[in-house]
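Asks: Here the sequence shown stands for residues 16 to 218, where the numbers follow the UniProt record's numbering. The beta-carbon is built from N, C-alpha and C at its ideal position, and this holds for glycine as well. Computed from a predicted structure; not experimentally measured.
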Amino acid sequence: VFSGRVDFLLSAPALKFLPDPVVPEIALSGRSNVGKSSLLNAITGRKALARTSVTPGRTQELNFFDVGGVAGEIPDFRLVDMPGYGFAKAPPKVVEQWKKLVRDFLRGRVVLKRTLVLIDSRHGVKPPDLEMMEMLDGAAVGYRLVLTKADKVKASELDEVHAKVMAEARKHSAAYPEVMITSSETGMGIAEIRAAVLGDAEL
Ligand code: GTP
Ligand code: MG
Numbered sequence: 016v017f018s019g020r021v022d023f024l025l026s027a028p029a030l031k032f033l034p035d036p037v038v039p040e041i042a043l044s045g046r047s048n049v050g051k052s053s054l055l056n057a058i059t060g061r062k063a064l065a066r067t068s069v070t071p072g073r074t075q076e077l078n079f080f081d082v083g084g085v086a087g088e089i090p091d092f093r094l095v096d097m098p099g100y101g102f103a104k105a106p107p108k109v110v111e112q113w114k115k116l117v118r119d120f121l122r123g124r125v126v127l128k129r130t131l132v133l134i135d136s137r138h139g140v141k142p143p144d145l146e147m148m149e150m151l152d153g154a155a156v157g158y159r160l161v162l163t164k165a166d167k168v169k170a171s172e173l174d175e176v177h178a179k180v181m182a183e184a185r186k187h188s189a190a191y192p193e194v195m196i197t198s199s200e201t202g203m204g205i206a207e208i209r210a211a212v213l214g215d216a217e218l
């Protein structure tokens with residue numbers, strides 16, 4: 016699937032701009048700068064598909080990517096890069112808009128098969144992550160917690176944060192009990208997450 020077409024489809028700043036819900040969708044969510052766009056690029060094996068940035072809060076809309084199949088035709092599934100949350104400097108109005116967009120999307124999107132909630136290996140689960148997890152529990156959208164930037168921490172720290180995040184996952188009704196460990200930099204865990212995404216999309 017990933018060796019076929021991967022194309023940016025559209026960027027939706029509001030629900031009315033969403034594409035027709037015709038194929039399975041897998042969303043990527045997480046705090047600003049956690050590495051969502053980088054992981055999307057790593058999963059699809061495209062270097063610069065989703066824009067990555069050192070400035071947090073870069074991605075403000077729901078960005079849809081067509082994966083698999085032939086260009087111009089219906090793809091096998093879609094990846095959705097969600098706007099990052101928990102950005103301290105974001106104006107309250109922007110935060111409110113984001114929450115509404117995301118909540119409405121999660122509640123109403125019948126083709127949304129799974130969400131990946133990315134957690135920075137250096138930081139673990141933070142209050143804004145808990146808020147996101149509770150939103151997903153409430154919308155009954157199954158999600159996988161995925162540790163990112165594993166290359167940035169020592170193996171012992173990684174073990175510790177992994178155990179803590181798994182313990183947190185077990186407290187949430189819609190969370191997978193297993194927590195994946197990845198690095199978009201080294202490629203660690205990328206094959207596993209690809210397989211998981213394909214499984215979640217039922218491909
Ligand atoms: P927003 O769209 O602003 O919410 O950010 P994002 O979650 O999409 O993060 P992005 O992928 O743009 O990455 C943020 C920064 O972290 C960039 O400088 C990336 O190069 C870096 N980064 C992402 N993943 C990794 C990783 O696995 N390892 C390391 N060392 N750096 C990473
Ligand atoms: Mg991004």
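1) Hey, would you say residue 190 sits closer than 8 Å to residue 184, going by beta carbons?
2) For residue 26, verify whether its CB is less than 7 Å away from any heavy atom of the ligand GTP.
3) Quick check: is any heavy atom of the ligand MG less than 7 Å from the C-beta of residue 99?
4) Verify whether the separation of the beta carbon atoms of residue 162 and residue 44 is less than 8 Å.
5) Below 8 Å, how does it come out for the region 54-63 and the region 191-208: are there three or more Cβ pairs, yes or no?
6) Taking 7 Å as the cut-off, is the beta-carbon of residue 96 closer than that to any non-hydrogen atom of the ligand MG?
7) So, residue 134 versus residue 180, is the Cβ gap smaller than 8 Å?
8) Measuring straight from C-alpha to C-alpha, what distance separates residue 218 and residue 146?
9) Would you say the beta carbon of residue 51 comes nearer than 7 Å to a heavy atom of the ligand GTP?
10) What would DSSP say about residue 203, mapped onto helix, strand or coil?
11) When DSSP labels each residue in this structure, what does residue 56 get in the three-state scheme?
12) Looking at the unbroken alpha helix (DSSP H) that takes in residue 118, where does it start and where does it end?
13) If I follow the unbroken beta strand (DSSP E) through residue 179, where does it start and stop?
14) Confirm, please, whether the CB-CB distance from residue 212 to residue 41 is below 8 Å.
15) Which of the three DSSP states, helix, strand or coil, is assigned to residue 149?
16) Look at the alpha carbon of residue 92 and the alpha carbon of residue 216, and state the distance between them as a whole number of angstroms.
17) Does the distance between the C-beta of residue 59 and the nearest non-hydrogen atom of the ligand GTP fall short of 7 Å?
18) Taking its Cβ as the centre, do 16 or more other Cβ atoms sit within 10 Å of residue 142, making it buried, or is it exposed?
Replies: Reading from the atomic positions:
1) As a first step, residue 190 must be located in the sequence shown, where it is residue number 175. As a first step, residue 184 must be located in the sequence shown, where it is residue number 169. The Cβ atoms of residue 190 and residue 184 sit closer than 8 Å to each other.
2) Position 11 of the sequence shown, counted from the first residue, corresponds to residue 26. No, the ligand GTP has no heavy atom inside 7 Å of this Cβ.
3) Here residue 99 corresponds to residue number 84 of the sequence shown, with the count starting at 1. Yes.
4) The residue given as residue 162 occupies position 147 in the sequence shown. The residue given as residue 44 occupies position 29 in the sequence shown. Going by C-beta atoms, residue 162 is not nearer than 8 Å to residue 44.
5) With a cut-off of 8 Å, the region 191-208 and the region 54-63 count as touching, because enough Cβ pairs lie within range.
6) Taking the sequence shown and counting its residues from 1, the one referred to as residue 96 is at position 81. At a cut-off of 7 Å, the beta-carbon of residue 96 counts as near the ligand MG: some heavy atom of the ligand is closer than that.
7) Looking up residue 134 in the sequence shown gives position 119. Looking up residue 180 in the sequence shown gives position 165. Between residue 134 and residue 180, the CB-CB gap stays under 8 Å.
8) Working through the sequence shown from its first residue, we reach residue 218 at position 203. Working through the sequence shown from its first residue, we reach residue 146 at position 131. Going from the Cα of residue 218 to the Cα of residue 146 covers about 30 Å.
9) Taking the first residue of the sequence shown as 1, we reach residue 51 at position 36. True, at least one ligand heavy atom lies under 7 Å from that Cβ.
10) For this step, residue 203 is matched to residue 188 along the sequence shown. Three-state result, residue 203: coil.
11) For the purposes of this step, residue 56 is identified with residue 41 of the sequence shown, where counting begins at 1. Looking at residue 56 - three-state DSSP - the assignment turns out to be helix.
12) Start at 1 with the first residue of the sequence shown, and residue 118 comes out as number 103. Counting along the chain, residue 118 sits inside the alpha helix (DSSP H) bounded by residues 107-123.
13) Sequence index remark: in the sequence shown, residue 179 carries index 164 (1-based). Where residue 179 is concerned, there is no enclosing beta strand (DSSP E), although the alpha helix (DSSP H) it sits in stretches over 170-184.
14) As a position in the sequence shown, residue 41 is number 26, starting the count at 1. As a position in the sequence shown, residue 212 is number 197, starting the count at 1. Contact flag set, yes.
15) For the purposes of this step, residue 149 is taken as residue 134 along the sequence shown, with counting starting at 1. Here residue 149 sits in helix by DSSP.
16) On the sequence shown, residue 92 is found 77 positions in, with the first residue counted as 1. On the sequence shown, residue 216 is found 201 positions in, with the first residue counted as 1. Going from the Cα of residue 92 to the Cα of residue 216 covers about 7 Å.
17) Numbered from its first residue, the sequence shown carries residue 59 at position 44. It does not: the Cβ of residue 59 is nowhere closer than 7 Å to a heavy atom of the ligand GTP.
18) Counting from one through the sequence shown, the residue named residue 142 turns up at place 127. Residue burial annotation: residue 142 is exposed, with fewer than 16 other C-beta atoms found within 10 angstroms of its C-beta.
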